[in-house]
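Chains as they are written, first to last, in this note's numbering: chain A, 1 to 113; chain B, 1001 to 1116.
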Amino acid sequence: DTAVSQTPKYLVTQMGNDKSIKCEQNLGHDTMYWYKQDSKKFLKIMFSYNNKELIINETVPNRFSPKSPDKAHLNLHINSLELGDSAVYFCASSQAGVSDTQYFGPGTRLTVL
Amino acid sequence: AQKVTQAQTEISVVEKEDVTLDCVYETRDTTYYLFWYKQPPSGELVFLIRRNSFDEQNEISGRYSWNFQKSTSSFNFTITASQVVDSAVYFCALSGLTDSWGKLQFGAGTQVVVTP
């Protein structure tokens, strides 16, 4: 019954590794997002996809690459992980865009050692 | 550019006290949407309310109430008779039509600590 789910919940890895975070929503929404929450709890959007098409791409390093195989899934792949990538990553979804409520997944806590 | 300011970093209250969280926003849009989210210690982000810029009616939901005032660009949130379970970080957020489509601009959050 989980509306927006993410896996894994925790991810601990070494610098330089490549990792992926998966997100799935069963709300039938057309738009999905990735947000990053830093250690001071500040939330900032990274990417947004609408019907598998990238519509928001904030100034995020090229090491981050989102992929949307279908409108219910939005994955985040991170290459060559750095210490500064340590954060909580939230996936969210909404029916469309600006006017609609975004519902968030439980978050993935990424720790880069 | 859009901006959301939550000037209160942390508010500590004793159970049953009322607590008001301030949110001030800046936007050039005439149509925009304001949101409040709660982040309890468990870490998830829980949606509380959405308000569009054309609806200035205040809203009450149980112990929660919201005061939207366009004249002062504020969207404040009050918890009445606070309980320990209200302890969380509360985020105000803004989404506007002319800015990046669907992008939520969050405030820095206000940590609410309710002690028994």
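Even for Gly, the Cβ is constructed at its ideal location relative to N, Cα and C.
Is it buried or exposed for residue i, if we count other Cβ within 10 angstroms and need 16 for buried?
i: residue 83 of chain A; result: exposed
i: residue 1107 of chain B; result: buried
i: residue 89 of chain A; result: buried
i: residue 16 of chain A; result: exposed
i: residue 113 of chain A; result: exposed
Could you have a look at residue i and say whether DSSP puts it in helix, strand or coil?
i: residue 1061 of chain B; result: strand
i: residue 1072 of chain B; result: helix
i: residue 1119 of chain B; result: Outside the displayed range of chain B (1001 to 1116) lies residue 1119 of chain B, so it cannot be described from this structure.
i: residue 84 of chain A; result: helix
i: residue 1086 of chain B; result: helix
i: residue 46 of chain A; result: strand
i: residue 1096 of chain B; result: strand
i: residue 29 of chain A; result: coil
i: residue 67 of chain A; result: strand
Whose C-beta lies closer than 7 Å to the C-beta of residue i among residues of the same chain, with five residues either side of it excluded?
i: residue 130 of chain A; result: Here chain A covers residues 1 to 113 and nothing more, so residue 130 of chain A does not appear.
i: residue 3 of chain A; result: 25, 26, 27, 103
Mind listing the chain B neighbours of residue i? Cutoff is C-beta to C-beta under 7 Å, in chain order.
i: residue 45 of chain A; result: 1103, 1104
So which residues of chain A does residue i contact, with C-beta pairs closer than 8 Å?
i: residue 1089 of chain B; result: 41
i: residue 1108 of chain B; result: 40, 41, 42
i: residue 1043 of chain B; result: 88, 106, 107, 109
Start and end of the beta strand (DSSP E) containing residue i?
i: residue 1026 of chain B; result: 1024 to 1026
i: residue 1110 of chain B; result: 1110 to 1115
i: residue 1052 of chain B; result: 1046 to 1052
i: residue 101 of chain A; result: Where residue 101 of chain A is concerned, there is no enclosing beta strand (DSSP E), given that its DSSP letter is neither H nor E.
i: residue 12 of chain A; result: 10 to 13
i: residue 57 of chain A; result: 53 to 57
Please list, in chain order, all residues of the same chain as residue i whose beta carbon is under 8 Å from its beta carbon, the five residues on each side excluded.
i: residue 1007 of chain B; result: 1022, 1024
i: residue 66 of chain A; result: 34, 46, 47, 49, 54, 74, 75, 76, 77
i: residue 1029 of chain B; result: 1002, 1053, 1096, 1097, 1098, 1099
Near residue i, which residues of its chain fall below 6 Å by C-beta distance, leaving aside the five closest residues on each side in sequence?
i: residue 1002 of chain B; result: 1027, 1094, 1096, 1099, 1105
i: residue 1115 of chain B; result: 1014
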